[in-house]
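Colleague:
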Amino acid sequence: MSLLLRRPPGREAYPGDVFYLHSRLLERAAKLNSLLGEGSMTALPIVETQSGDVSAYIPTNVISITDGQIFLSADLFNAGIRPAINVGISVSRVGSAAQIKAMKQVGGKSKLELAQFAE
Numbered sequence: 000m001s002l003l004l005r006r007p008p009g010r011e012a013y014p015g016d017v018f019y020l021h022s023r024l025l026e027r028a029a030k031l032n033s034l035l036g037e038g039s040m041t042a043l044p045i046v047e048t049q050s051g052d053v054s055a056y057i058p059t060n061v062i063s064i065t066d067g068q069i070f071l072s073a074d075l076f077n078a079g080i081r082p083a084i085n086v087g088i089s090v091s092r093v094g095s096a097a098q099i100k101a102m103k104q105v106g107g108k109s110k111l112e113l114a115q116f117a118e
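Structural data, given as structure tokens:
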């Protein structure tokens, strides 16, 4: 990809500035004018991985920029589990900060039990 764009290659042959480009795109997907109420709009990126590899460059790049991730699993989907959310690796950086104390206690235990059950 770097060669096509005529830029120096970075990790996995992507351009070295791809992290900057991703963050710029995702941090402010749109700047609204005064007719539309001003402000900005945040993007909801969807990334497809190769064989579920979330450690590849593009998935880790997007993970480091966003405030949370929901990972969907083809194996769970094929097993008839819907929505096919892999709770073991799905995260939210806001999650517990936006919950009341009782929800934190119940949610934390439930998520741990569900992740252990799935394994």
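0 is the number of the first residue of the sequence shown in numbering that gives the first Met the number 0; add one for each residue after it.
For each residue, glycine too, the CB sits at the ideal point set by N, CA and C.
1) Does any C-beta atom of chain D lie closer than 8 Å to the C-beta of Asp16?
2) State the Cα-Cα distance for the pair Ser109 and Asn77, rounded to the nearest angstrom.
3) When the Cα atoms are used, what is the spatial distance from Pro14 to Pro8?
4) Whose C-beta lies closer than 8 Å to the C-beta of Leu4 among residues of the same chain, with five residues either side of it excluded?
5) Between Leu25 and Ile84, is the Cβ-Cβ spacing less than 8 Å?
6) Where do the N-terminal and C-terminal ends of the alpha helix (DSSP H) with Pro58 fall, by residue?
7) Among Leu34, Thr41, Asp16, Ser50, which one has its Cα closest to the Cα of Arg27?
Modeller: So, from the data block:
1) Among the chains in the structure shown there is no chain D, since it carries only a single protein chain.
2) For Ser109 and Asn77, the distance between alpha carbons rounds to 24 Å.
3) It is roughly 5 Å from the alpha-carbon of Pro14 to the alpha-carbon of Pro8.
4) So the list reads Pro14, once near-sequence residues are dropped.
5) Their beta carbons are not under 8 Å apart, which means Leu25 does not touch Ile84 by this criterion.
6) Its alpha helix (DSSP H) spans residues 56-64.
7) Nearest to Arg27 by C-alpha distance, out of Leu34, Thr41, Asp16, Ser50, is Thr41.
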